[in-house]
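All remarks here apply to the structure that follows.
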Amino acid sequence: MFCDSHLHISEIPDFSKSTADDYLFCTSVHSQDDFDKALEKCPGLSCMSVGIHPQNPDTGLFDFLENVFSSKPEFVKAVGECGFDLFTEELSASLSAQKKVWDYQLNLALSENLPLVIHARKALPLFFDLTSELKKLPSVIFHSFPGSPVEAASFLKRGVNAYFSFGKPLLNGNKRARACVQDVSPDKLLLETDAPFQRLKDEVCTAPSDIVRVYSEACNLKKITAQETDMFRNQIHANFCAAYGM
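The number in my numbering is simply the position in the sequence shown, starting from 1, with 154 added.
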């Protein structure tokens, strides 16, 4: 089984239930419209994370989150993706608003005892100041982890039950991502597509089926032999279930 720890099925025009049957995944949603579209495209959905994306730090979405978590559908397994994005000057200028929605979601995850899916673009140092809170969570999933192997190890040493997820940057020569996959303990590794985003050069979009390519490259980096492939897939499956409490 292939496990995709992070994608956005509401944004994928051709996503269908037949696609979902091929592998286990967690879809992230950020609005009521996202939520409704995800359920429409995949009625048998088993794993969803719900949060406010730092690129749209709208406190008006607090009502949406409150409604979802008050009803608490069984398939809602995590809060997020949430976090900080300082990739551009415009995004950096919204840091105060990002902090407000971050604080709300961190407290939500703590009160609900749920995993947190983290988005940390050009903002990883901010999370080292938050480890005293993060280590109280059942797990923390770093979506498309941007750090170094030393930084990944530091979160674990500080007591955070962190899982580090990697996707198509492995295929475009991203040195940090590739080094992390080589170094991170197999029981803390997750793989993802972030479909339809994180496309490679000349690609129109990322497809859920690209998870096969991500797995293949992770195996190459981990020097997984053909005989060990099933064991590796089983380990990623076990990690996915542990990270999302399934």
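Ideal Cβ positions, reconstructed from N, Cα and C, are used throughout, including at glycine. Computed from a predicted structure; not experimentally measured.
CA nearest to the CA of residue i, picked from the options
i	options	result
Phe318	Leu245, Thr383, Phe296, Pro303	Phe296
Phe218	Gln186, Leu343, Pro340	Gln186
Ala192	Leu161, Ser248, Leu240, Glu220	Leu161
Tyr258	Gly205, Val222, Phe281	Gly205
Ser170	Lys289, Gly399, Pro362, Glu244	Pro362
Leu345	Ser248, Ser225, Gln389	Gln389
Ser250	Asn267, Thr213, Asp168, Glu266	Thr213
Ser370	Lys311, Phe386, Val358, Leu260	Phe386
Asn210	Trp256, Asn261, Lys226	Trp256
Pro208	Asp239, Cys373, Met155	Asp239
Lys253	Cys236, Glu244, Asp348	Cys236
Asp348	Lys342, Thr383, Cys359	Cys359
Phe282	Asn261, Ala306, Asn267, Ser293	Ala306
Val314	Leu278, Lys342, Thr285	Thr285
Leu354	Ser203, Leu325, Phe394	Leu325
Asp168	Met202, Pro227, Val294, Pro350	Pro350
Phe216	Met202, Ala277, Asn261, Phe229	Asn261
Ser265	Glu244, Lys226, Pro279	Lys226
Ser203	Val183, Ser293, Met400, Leu280	Val183
Three-state secondary structure assigned by DSSP to residue i
i	result
His273	strand
Thr383	helix
Leu193	helix
Leu375	helix
Asp399	Going by the sequence as given, residue 399 is Gly instead of Asp. Residue state, collapsed to three classes: coil.
Ser224	helix
His391	helix
Ser370	helix
Ser170	coil
Gly198	coil
Gln252	helix
Asp217	helix
Asp212	coil
Identified DSSP bridge partners for residue i
i	result
Leu178	Cys157
Asp239	Arg275
Ser203	Ser182, Ala232
Whole-angstrom C-beta distance between residue j and residue i, which should lie under 8 angstroms
i	j	result
Ile272	Gly234	6 angstroms
Arg330	Ser302	6 angstroms
Phe179	Asp158	4 angstroms
Pro300	Ala274	6 angstroms
Leu291	Pro269	6 angstroms
Leu375	Val338	Not really, about 10 angstroms apart at Cβ, beyond 8 angstroms.
Ala232	Tyr398	6 angstroms
Ile365	Phe156	5 angstroms
Cys395	Thr383	Contact flag wrong, Cβ pair sits at about 19 angstroms.
Lys195	Phe241	28 angstroms between Cβ atoms; not a contact.
3 or more residues per run - each beta strand (DSSP E) lying fully within the region 257-326 = 270-275, 294-296, 316-320
query = Can you list, in chain order, the stretches of the beta strand (DSSP E) that have 3 or more residues and sit fully within the region 330-367?
reply = 343-345
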